[in-house]
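Input: a single structure, listed below in structure tokens.
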Amino acid sequence: MMTTVYVLTALKPGVDPDEYERFEREVDYPFTAKLKTIISYRIHRLTEPVPFDGGPWDYIERIEVTDRAAYEAELATSAKDLIDLIHDRYLDESKLKFIWSRRIDP
């Protein structure tokens with residue numbers, strides 16, 4: 002059974018969205034493609050407000066993983082430096098919202 006996490010994110014004040022998206026394309030996407038627990042990873046720029054408390058958000062990430070525990074362990078080790086960099090430079094950590102799900106297959 003595949004697990005997918007959706008992550009709502011907001012940029013820190015003053016961060017240029019074009020700079021963030023360039024970083025994602027040039028650094029984050031190639032890096033995450035090498036992680037063993039990630040099946041698919043894409044970021045989408047939101048085009049309308051999300052009707053949940055805690056926003057506003059700028060992006061939603063969709064990450065399909067092989068196993069939640071293994072994914073979280075891999076992030077804590079292999080991806081820790083990159084995640085720290087993303088949070089230090091670009092993302093407002095106070096606005097992160099994680100939505101975990103399992104795909105329903107036909």
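Heads up: take any position in the sequence shown, counting from 1, add 1, and you land on the numbering used here.
A virtual CB, placed ideally from N, CA and C, is assigned to each residue, including glycine.
Please read these numbers as outputs of a predicted model, since none were measured by experiment.
Using only alpha-carbon positions, find the residue among the options that is nearest to residue i.
i   : options                 : result
G56 : D93, Y42 and A70        : D93
D36 : K13, V66 and R90        : A small correction: the amino acid at residue 36 is Leu; Asp does not occupy that position in the sequence shown. Per the Cα distances, V66.
V28 : P107, S95, I87 and W101 : I87
P14 : P31, F53, W58 and D106  : W58
Rounded to whole angstroms, how far is the Cβ of residue i from the Cβ of residue j, which I believe are closer than 8 angstroms?
i    : j   : result
T38  : Y72 : 4 angstroms
V51  : L97 : The pair is not a contact, with the Cβ atoms about 13 angstroms apart (cut-off 8 angstroms).
D106 : T4  : Not a contact, Cβ separation roughly 13 angstroms.
Under 7 angstroms, do residue i and residue j count as touching if we go by C-beta distance?
i   : j   : result
F99 : V16 : no
M2  : R90 : no
Problem set entry | the segment 31 to 44 / the segment 56 to 73 touching (three or more Cβ pairs under 8 angstroms) | yes
Exercise. Which runs of the alpha helix (DSSP H), 4 residues or longer, sit entirely within the segment 11 to 87?
Worked result: 18 to 24, 30 to 34 and 69 to 78
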